[in-house]
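The opening position of the sequence shown corresponds to residue 4 in the working numbering, with each subsequent residue numbered one higher. For glycine and all other residues, C-beta sits at the position ideal for the given N, C-alpha and C. Worksheet: one structure, shown below.
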Amino acid sequence: MVGSTQIPSQLGRTAVVTGATGGLSFETALALAKAGSEVVLTGRDDRKGRSAIEKISREVAGAKVSYEHLDLANLASIADFAQRMHGRQSLDLLINNAGVMALPRRQTTADGFEMQFGTNHLGHFALTARLMPLLRRASGPRVVSVSSLAHRTGLIDFGDLQGARVYSPWKAYGQSKLATLMFALEPQRRSDAAGWKLISNAAHPGFARTNLFASGPGGLVSLATGFAAPLFGHSAADGARPILFAATSPEARPGAYYGPGGFGELRGAPACALIMPQARDAAAAAILGMFPRN
């Protein structure tokens with residue numbers, strides 16, 4: 004275990020949480036609102052967004068929460084959202100958590116990228132880059148990228164990066180989550196070199212019971228997950244704990260990776276998580292062009 008899981012006061016801080024209309028992101032946004040943060044929830048479904056705001060407002064008296072439409076599978080939507088955000092003075096926290104998992108059939112984003120790579124990695128890449136001026140104006144900014152245990156089997160296939168020749172749902176998902184973790188490490192290297200005073204780290208939820216399985220692989224995988232979840236998994240609220248630790252704890256280290264500390268990192272209190280060697284491949288990160296140099 005890495006220490007206290009209590010969230011320090013977030014009064015006076017502003018956070019953006021992607022995909023916050025449900026699951027891990029909703030629980031993350033709720034916890035930040037309880038700690039006093041102003042929270043901007045984002046998502047593609049405006050009806051669900053309004054519902055999420057209502058739920059938090061009922062649970063947290065005086066909550067400072069708002070909703071903004073953001074489709075991470077559409078670069079124009081990302082640009083529009085960032086433009087709206089630039090009316091603010093600064094941004095203290097960006098939690099990149101929205102995503103899709105193991106889509107049975109290959110789909111593409113509005114810009115023609117394979118959906119999992121395009122949403123889970125490239126969308127957050129573009130969002131972070133566009134919000135970096137706001138983050139750098141904050142006194143202690145953080146970016147938390149949410150990866151997965153699936154990064155352990157992930158490989159960056161530069162010969163078929165978009166799965167256009169051969170598409171495998173889990174291969175594409177593992178690749179996208181490996182890229183997510185690589186992305187979390189690279190901005191920290193750039194921040195250290197340039198003196199940005201930005202903390203970029205990563206987290207994963209372990210085996211959290213969310214609707215990702217239902218909306219992703221389906222079939223026997225979703226059925227098996229339903230049976231296994233009570234034995235090996237934990238709730239979305241518990242799955243959010245490593246994310247919140249990475250986002251708020253004074254003990255969270257720059258460029259670190261956090262997950263549940265129990266058996267197999269499936270559940271438990273936040274702890275340092277295993278980073279596979281391929282996630283530290285600086286040459287692959289350079290080829291991917293992980294972050295703007297200016």
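Is it buried or exposed, residue i, if we count other Cβ atoms within 10 angstroms and call 16 or more buried?
i      : result
Arg86  : Checking the sequence shown, residue 86 turns out to be Gln, not Arg. By the neighbour-count rule (16 or more Cβ atoms within 10 Å), Gln86 is not buried but exposed.
Ala49  : The question names Ala, but residue 49 is Asp in the sequence shown. Exposed, because fewer than 16 other Cβ atoms sit within 10 Å of the Cβ of Asp49.
Glu254 : exposed
Phe266 : exposed
His154 : buried
Gln191 : buried
Pro245 : buried
Val149 : buried
Arg270 : buried
Ala288 : buried
Arg283 : exposed
Ser179 : buried
Ser151 : buried
Pro280 : exposed
Arg145 : buried
Leu125 : buried
Leu184 : buried
Glu268 : buried
Ala82  : exposed
Gly52  : buried
Phe186 : buried
Leu277 : exposed
Ala34  : buried
Ala196 : exposed
Ala79  : exposed
Ser171 : exposed
Pro295 : Because the pLDDT at Pro295 is just 47, under 50, the model does not fix this residue reliably, and the point stays unresolved.
Pick from the options: whose alpha carbon is nearest that of residue i?
i      : options                          : result
Glu30  : Asp284, Pro208 and Leu164        : Pro208
Gly46  : Asp195, Gly25, Gln92 and Ala276  : Gly25
Gly177 : Leu201, Leu158, Asp95 and Lys200 : Leu158
Glu189 : Pro11, Arg16, Glu71 and Ile290   : Ile290
Gly198 : Gly162, Pro257, Leu184 and Glu71 : Pro257
Pro136 : Thr156, Arg91, Ala276 and Thr251 : Arg91
Ala182 : Ile202, His127 and Tyr170        : His127
Ser12  : Ala272, Thr251 and Ala259        : Thr251
Arg168 : Asn123, Arg108 and Asp74         : Arg108
Ala132 : Ala259, Ala272, Arg193 and Glu57 : Arg193
Thr2   : Ala272, Leu73 and Thr156         : What is shown of the chain runs 4 to 297, which leaves residue 2 out entirely.
Can you find the residues in the same chain that come closer than 8 Å, C-beta to C-beta, to residue i, ignoring five residues on each side of it along the sequence?
i      : result
Ala285 : none
Ala32  : Ala18, Val20, Ala23, Val42, Leu44, Ala55, Ile59 and Val68
Leu134 : Val19, Ala85, Met88, Leu94 and Leu97
Leu27  : Asn100, Val149, Pro208, Ala211, Thr213, Ala239, Gly242, Ala243 and Ile246
Short of 7 Å in beta carbon distance, which residues of its chain neighbour residue i, apart from the five on each side in sequence? Order them along the chain.
i      : result
Met118 : Ala76, Val103, Leu106, Gln110, Thr111 and Thr112
Leu14  : Gly39
Ala175 : Glu117, Gln119, Phe120 and Gly166
Glu71  : Val43, Thr45, Phe84 and Arg87
Per the DSSP calculation, residue i is bridged to which residue(s)?
i      : result
Asn204 : Val147
Val20  : Leu44 and Ile98
Ser179 : Answer is none; Ser179 lacks a bridge partner.
Val103 : Note: Val103 sits in no beta bridge, so no partner.
Pro263 : Pro273
Ser142 : In the DSSP output, where bridge partners are listed per residue, Ser142 has none listed.
His72  : Gly46
Thr111 : Glu117
Enumerate in chain order the residues of its own chain whose CB-to-CB distance from residue i is below 6 Å, with the five nearest sequence positions on each side excluded.
i      : result
Ala249 : Val147, Asn204, Ala206, Ala255 and Tyr261
Arg16  : Ser40 and Asp95
Ala36  : Val42, Ile59, Val63, Ala66 and Val68
Asp160 : none
Leu130 : Ile81
Trp173 : Ala105
Gln9   : none
Between residue i and chain D, is any beta-carbon pair separated by less than 8 Å?
i      : result
Ala105 : Chain labels in this structure do not include chain D; a single protein chain is all it has.
(request) Examine the Cβ distances between the segment 57–69 and the segment 95–115 and report whether three or more of them are shorter than 8 Å. (result) no
(message) With a threshold of 8 Å, are at least 3 pairs of Cβ atoms found where one atom belongs to the segment 130–143 and the other to the segment 235–244?
(response) no
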